[in-house]
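Data first, discussion second: the structure below is written as structure tokens.
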Amino acid sequence: MQSASASASSTATGKGARIPSNQLPWLPLVNHPSYSRSYPFRSRIVKLLKESRMANLAFHQQVRHLVIDFASFDTIRREKSKTTNMMIKKRVHHANALTELKEIINLCTQIERLDIICDAGFANLVSCSHLSNTTSAPHDTLIDNSENNSILSVCNALQQTLMQQRQSDCIKRLDFIGFNPIQRCPCCAGKEWDQYLKPLVSCLSSVEILVLKDVLPSVDAFRALNSPHLKKIVFYKSMVTIPLFKKVRSASTSTTKFITSVSLIPDTLWRQIEHIEIYEDIEDVTTWRSRRYLTELVNAVHDLESFVLQFGTKEANERSLVTVNNSILEEHDIPNDQCGDIRVNCDSPLYDLSMKCKTTLKRMTLVNVPNF
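Those letters in the sequence shown? Residues 230 to 601, by this note's numbering.
Given below as structure tokens:
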């Protein structure tokens, strides 16, 4: 096993990262969720941002990162019906949450990164029925979800706000983040609801980096990506194998066909990608389906310029994820005529990758990658 980074150039992973040491202490509160996944500080921060803009200060220009969690707009509660004594679902709508988020978008003109929380439970926001008609709080109303697709309505509202403020051209990094990955596999996080992200995702015309963290979006979500500038994709524990529901019969047996994250991404998107980074847990180094994933990746990519494969601790992988925006490529070509120079076996898919992209690949970084 290669315990250190095996790089074709002298560039180490994360070199050139610039993490601001003088970040304003209130900034993390913009995206700080409560236990119930509301954002309790946003109402007060909106007041600060308004005063900043009126006084021509710089506070409203410091917000660069925004998180969208649909659980902050609508909460699904399970309780017994008073009439039938059966368990029912109730959707509680938090009226102020969307207004506050739209105000932040209006006030902050320098947002560069957008995170979308992906929760399998969001399927209830588009298919929940048997909802109560009573009111639970002054600003919270229970709405019949069969007549109102919460995900779609929020995305339409955010699309309109982003485009009106010309913010859709400013966002450079889009992160899909799976909620509660210990209990949910990446392919379930967006199941049956993420296709309704299309109005929001399709308006982000300047995205350069796509990060998949503990989530594998649907084909519809990938197709909604409409940025010609998208050049980098990062898989953080999101390179997985998923079963197809359709059975494939072979001779006298019936087997389930499996596909991977690679084959789920449309070829039109792969043709744009020049940089790929994959981060997996060090504990999974022997069970990760290296040959299958990497072989399919070789077939999918085109003019790749950099490739990172890292098996690390959670802390090491999280640090690498922070520096994704600041990766610097050294202008050194990989000597593809010798396998030893990139420290992989000649029969490895990694060698096939270096050969396929020999005229474009400038860096290959391998951390704790076994010889296979």
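Quick reminder that beta carbons are idealized off the backbone N, C-alpha and C, glycines included. Remember, predicted model here, so these are calculated numbers, not experimental data.
Between Ile507 and Leu538, the C-beta gap is smaller than 9 Å, which places the two residues in contact. Distance between Val530 and Arg500, taken at the CA atoms: about 7 Å. Per DSSP, the beta-bridge partners of Tyr465 are Lys442, Tyr508.
According to DSSP, residue pairing for His294 in a beta bridge involves Arg342. Approximately 6 Å separates the beta-carbon atoms of Cys399 and Ile340; this is inside 8 Å, confirming the contact. Counting only residues of its own chain and dropping the five nearest sequence neighbours on each side, Pro262 has a CB closer than 7 Å to the CB of Tyr268, Asp298.
Put simply, the backbone Cα of Leu445 is about 22 Å away from that of His294.
Scanning the segment 489 to 544 for uninterrupted alpha helix (DSSP H) segments of 4 residues or longer gives 490 to 493, 496 to 499, 519 to 529, listed from N- to C-terminal end. Put simply, of Thr497, Lys460, Asp303, Leu253 the residue whose alpha carbon is nearest the alpha carbon of Asn377 is Asp303.
According to the DSSP assignment, Ile274 belongs to no beta strand (DSSP E) but to the alpha helix (DSSP H) extending over 271 to 283. Secondary structure of Phe405 (DSSP, three-state): strand.
Each residue's CA atom was taken as its position, placing Val514 and Lys420 some 27 Å apart. A residue is called buried once 16 or more other Cβ atoms fall within 10 Å of its Cβ, and Leu441 is buried on that count. Residue nearest to Tyr264 within the set Trp255, Ser301, Val275, Leu256 is Ser301 (criterion: CA-CA distance).
Beyond the five residues adjoining it in sequence on each side, Leu582 comes within less than 6 Å, by CB distance, of Val527 in the same chain, given in chain order. Residues Cys414, Pro415, Cys416, Leu445, Thr489, Ser490 of the same chain have their beta carbon placed closer than 8 Å to that of Val469, with the five preceding and five following residues left out of the count.
The beta carbon of Ala453 is closer than 6 Å to those of Lys427, Val430, Ser431 in its chain, skipping five residues each way along the sequence.
Residues Phe408 of the same chain have their beta carbon placed closer than 6 Å to that of Asp348, with the five preceding and five following residues left out of the count. If you compare the alpha carbons of Asn546, Gln290, Arg273, Ile438 with that of Ala326, the shortest gap goes to Arg273.
Comparing alpha-carbon positions, the option among Lys331, Arg342, Arg520, Val463 lying closest to Thr390 turns out to be Lys331.
Secondary structure at Asp348: coil, using DSSP grouped into helix, strand and coil. The DSSP-derived three-state label of Ile317 is strand.
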